[in-house]
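Take a look at the structure below.
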Amino acid sequence: MAKSRLSRAIRCALIASALLATPGIARALPPPEPDWGAEAFMYGWLSQVYGKFTARGVEVDRNYSFGDLLKNLGWAFEGGVQLRYKRALLFVDSMGFQIADNVNFDQRTKPFNLGGSFGPGGDLTVGPGKVSMRSTLWIIDPRLGFRALSLPLSKIFSSIPTEDPRRIDFDLLAGVRYWNVRNKAGLTVTPATLTVGGVPIDISGLDLGRFRGQHTRLPGYLLRGVDGKHFNSHEDWTDPMIGLHIRGDVTEHISLIALGDIGGFSAFSSSSDLTWQGFLAARWQFSRHFSAVAGYRALGVQRPGALDNAILYGPLIGFVFNL
1 MAKSRLSRAI
11 RCALIASALL
21 ATPGIARALP
31 PPEPDWGAEA
41 FMYGWLSQVY
51 GKFTARGVEV
61 DRNYSFGDLL
71 KNLGWAFEGG
81 VQLRYKRALL
91 FVDSMGFQIA
101 DNVNFDQRTK
111 PFNLGGSFGP
121 GGDLTVGPGK
131 VSMRSTLWII
141 DPRLGFRALS
151 LPLSKIFSSI
161 PTEDPRRIDF
171 DLLAGVRYWN
181 VRNKAGLTVT
191 PATLTVGGVP
201 IDISGLDLGR
211 FRGQHTRLPG
221 YLLRGVDGKH
231 FNSHEDWTDP
241 MIGLHIRGDV
251 TEHISLIALG
261 DIGGFSAFSS
271 SSDLTWQGFL
281 AARWQFSRHF
291 SAVAGYRALG
301 VQRPGALDNA
311 ILYGPLIGFV
321 FNL
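Position 190, counted from 1, in the sequence shown is what the working numbering calls 190; the numbers after and before it change by one each time, with no gaps.
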């Protein structure tokens, strides 16, 4: 009888040992990611804008705060999609807006020499004048990506239980940034006058130098007088770029996001010398299909032309719909 009880005890011990050694029973694993993922997002970028807007030689140099931008904003659209199949990714981010602004400059008088440094001197009076600039900007970023690394946090931090579902993902990105800029400038300038020794001189045939005001640059020939003339400029170009996207869970419902890219490098005949972007944000998954995002974004471009050496920067808030 005693031998029978001992035999049953040994069998129970062996079964228990086998169960404890079985993966998924002794140590629960985090749930695997689904093969498919899809998201659509809309956001509002409370940005400031610094840049030089040019239309056929008429240049306006402005630094808009968010309040200035909102006051002069005609319309805006900001949103995109993100798709994933296993490790393959597709990001498309698009942004467009139109701003209109008026820049006035007062009458200015400065010395002017006829015939160069050794010619007779006089006083050149320019202005007053007004420049109205309307700019429409579209930026579209299609990018392909590869999820290079996706790890449960439990594999990085030994203090986290193995069954914890939180993860960190590293995505490598490559794509293009497409720019489309349309500027329309309206110009009214009082004809410039030149006086030498108090005597007015006819300057209608002179090649005047470029005018530089506080926020404006005008070709010299326009200083002879313009009344409501309009100048249009349209440029588009494409910049190749590479980037890195990182997403890490903080809690079950809150994650942190970091995105950076760089490109341009005059790769194509019309590409910018440099374009770059940096983005940091926190995401709150407040329901099964909806999230809120808040962060800070900066985007820059260095390229002479319709949009010269511009930077857009400021806080961003948005909403995400995920399947």
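Idealized CB from N, CA, C, for every residue including glycine.
Here's a check: name, in chain order, each residue in its chain whose Cβ is nearer than 6 Å to the Cβ of residue i, leaving out the five neighbours to either side.
i: GLY278; result: GLY260, ALA298
i: GLY96; result: PHE77, TRP138
i: VAL301; result: SER272, THR275, ALA310
i: PHE231; result: ALA55, ARG56, VAL58, ALA185
i: ALA267; result: PRO240
i: LEU316; result: TYR43, TRP45, GLY295, ARG297
i: ILE203; result: LEU194
i: GLN82; result: GLU39, PHE91
i: GLN98; result: GLY74, TRP75, THR136
i: ASN180; result: TRP138, ASP236
i: ARG134; result: ALA100, LYS184
i: LEU149; result: PHE170
i: THR22; result: Any reading at THR22 must be qualified, since the residue scores a pLDDT of 43, below 50, and its modelled position is unreliable; no value is offered.
Exposed or buried, which one is residue i when buried takes at least 16 other CB atoms within 10 Å?
i: ASP239; result: buried
i: TRP45; result: buried
i: GLN107; result: exposed
i: SER154; result: buried
i: VAL250; result: exposed
i: SER158; result: exposed
i: ASP325; result: In the structure as shown, the chain starts at 1 and stops at 323, and residue 325 therefore has no counterpart that could be examined.
i: ASP35; result: exposed
i: GLY269; result: Note on residue identity: the sequence assigns Ser, not Gly, to residue 269. Exposed, because fewer than 16 other Cβ atoms sit within 10 Å of the Cβ of SER269.
i: SER255; result: buried
i: ILE25; result: Because the pLDDT of ILE25 is 40, which lies under 50, any placement of that residue in the model is unreliable, and the question is left without a value.
i: ARG84; result: buried
i: VAL199; result: exposed
To the nearest whole angstrom, what separates the beta carbons of residue i and residue j, a pair I think is in contact under 8 Å?
i: THR216; j: VAL103; result: 6 Å
i: PHE265; j: SER291; result: About 34 Å; that fails the 8 Å criterion.
i: PHE105; j: GLY127; result: 6 Å
i: GLY175; j: ARG143; result: 3 Å
i: GLY209; j: GLY225; result: Actually they are not in contact, since the Cβ atoms of GLY209 and GLY225 sit about 16 Å apart, beyond 8 Å.
Can you look up residue i in the DSSP assignment and give me helix, strand or coil?
i: ARG224; result: helix
i: SER255; result: strand
i: SER154; result: helix
i: LEU323; result: coil
i: LEU316; result: strand
i: THR22; result: Only weak support is given to the placement of THR22: the predicted model assigns it a pLDDT of 43, under 50, and the value that follows is read from those uncertain coordinates. Coil, per DSSP.
i: ARG212; result: strand
i: ALA267; result: coil
i: ILE203; result: coil
i: PRO32; result: coil
i: ILE262; result: strand
i: ASP164; result: coil
i: GLY305; result: coil
Apart from the five residues just before and just after residue i, which ones in its own chain have a Cβ nearer than 7 Å to its Cβ?
i: GLY197; result: none
i: LYS324; result: This structure gives no information on residue 324, because the portion of the chain shown stretches from 1 to 323.
i: TRP284; result: HIS253, ILE254, SER291, ALA292
i: ALA192; result: LEU124, THR125, VAL126, ILE203, LEU208, LEU223, ARG224
Less than 8 Å between C-beta atoms, sequence neighbours within five positions excluded: which residues of the same chain meet that for residue i?
i: SER94; result: PHE77, GLU78, GLY79, GLY80, TRP138, ILE139, ILE140, ASP141
i: PHE286; result: HIS253, ALA292
Taking residue i as part of the beta strand (DSSP E), name the residues at either end of that continuous run.
i: ASP93; result: 88 to 105
i: PHE66; result: Careful: PHE66 lies outside any beta strand (DSSP E), inside the alpha helix (DSSP H) at 66 to 72.
i: THR195; result: 193 to 196
i: PHE279; result: 274 to 285
i: ARG177; result: 167 to 189
i: LEU124; result: 121 to 126
i: GLY51; result: 48 to 55
Report yes if the C-beta of residue i is less than 6 Å from at least one heavy atom of the ligand GDP; otherwise report no.
i: GLY197; result: Looking at this structure, you won't find the ligand GDP or any other ligand, since it has none at all.
Need the endpoints of the alpha helix (DSSP H) that residue i sits in, please.
i: PHE112; result: Taken as a continuous stretch (DSSP letters only), PHE112 belongs to no alpha helix (DSSP H), being part of the beta strand (DSSP E) at 108 to 113.
Using a Cβ-Cβ distance cut-off of 7 Å, determine whether residue i contacts chain C.
i: LYS71; result: Of the protein chains in the structure, only one exists, and it is not chain C.
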